[in-house]
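What follows is one structure encoded as structure tokens, with my remarks underneath.
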Amino acid sequence: PAPYGGLSMGGFLQAAKPEWTQKDITSVLERLGKITVTDMSSLLRTLQSEGSAGVNQRFKSVGEKSFTDSTVRALREHAKKVAALEAERLNPKPKPKAAPTANPLAPLPMQEYKVVHDFVYLRQEPSLHAPILGKRQRGDTFFASEETWDGWVKLHGQPGYIIKDMGGLSGIGKVLSQLGRALPLVLPEPQGSPEPLTFEVVYQPFVAVRTGPSKTRPIQGTRKFGERLRAESQGYGGWVRVVQEDGGGWTLTL
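Pasting the structure below:
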């Protein structure tokens, strides 16, 4: 994999300072170039340095305007997160060996997606302001195991979310396209808010709440006819994830 998950200097700056415009980022990149900060390694090293090697002292040495204290803090905080993620990538913790099982669970339903925009950022949380974990290029494919109500897909087997459609924001529309058969969703079209939705049990006498979005997963509880619960996201095939405050788990709605 590419260093820093393929994260560019521009992507780093945008994640650390979401309020900056593209013009602001271009200007900062030009200023950094004047102090020979031209890649992610040199950027992180400079942000984490103090004294004469620090970013503001180096700006002053070439007659460039310094960053404000709040900007330096924001950049350093994000640099710590990115450096930590890179350290984990280079030195992954050994995975514990799974205990043998006589009856392995069936795989969960997953939807395959393809990137149809030039590129898209993989973010730590389902938000355009969340830290960037990496980038996917046009033509890249991946499997998703879950989707938020406002149109973010959760990657299967790795951390991160990717938005399906930017809705015209920054002049960008559709970002992802489904591959193969489209698996049913409770709400196929993105909603205007990521807030949990309320559902009422209409099946009698009760519905099962399971540990995962599949009838092969163990039952962790039940919800009676007429009972209401809130769900924060949806799986494929009509499953919804119940919020932790309402007991957590997955239940089938279709």
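Following this note's numbering from start to finish, the sequence shown increments by one per residue and tops out at 355. Heads up, the beta-carbon is just placed ideally off N, CA and C, and yes, glycines get one too. Please read these numbers as outputs of a predicted model, since none were measured by experiment.
query	result
Contact belief for E301 with R329 at Cβ below 8 angstroms, rounded distance in angstroms	5 angstroms
Nonlocal neighbours in the same chain, by C-beta distance under 6 angstroms from G111, ignoring five residues either side	I126
Segment limits, beta strand (DSSP E) that includes L186	Not the beta strand (DSSP E): L186 falls in the alpha helix (DSSP H), residues 170-191.
Three or more C-beta pairs below 8 angstroms linking the stretch 222-237 and the stretch 111-120	yes
Runs of beta strand (DSSP E) wholly within the stretch 240-270 (minimum 3 residues, chain order)	242-249, 253-256, 262-264
The beta strand (DSSP E) enclosing I233, as first and last residue numbers	233-238
Backbone secondary structure at Q123 - three-state DSSP	helix
Check whether L148 and V129 have beta carbons under 8 angstroms apart	no
Sequence-distant residues of the same chain with beta carbon closer than 6 angstroms to V308, five excluded per side	V302, R324, T352
Nearest residue (CA-CA) to W340, options L144, G272, P285	P285
Residues that E301 bridges to, as DSSP identifies them	R329
A245 vs Q212 beta-carbon contact at 8 angstroms	yes
Beta-bridge pairing of S334 - partner residues as DSSP gives them	T249, R342
V308 in three-state terms, based on DSSP	strand
Closest residue to L234 among L186, E151, V216, Q305 (Cα-Cα distance)	L186
Buried or exposed by the 16-neighbour rule on C-beta atoms within 10 Å, applied to R239	exposed
Where E131 sits in the DSSP three-state scheme	helix
Cβ-based burial, G274 [other Cβ within 10 Å; buried from 16]	exposed
Distance CB(E165)-CB(R190) smaller than 8 angstroms	no
Straight-line Cα distance separating K161 from S167	7 angstroms
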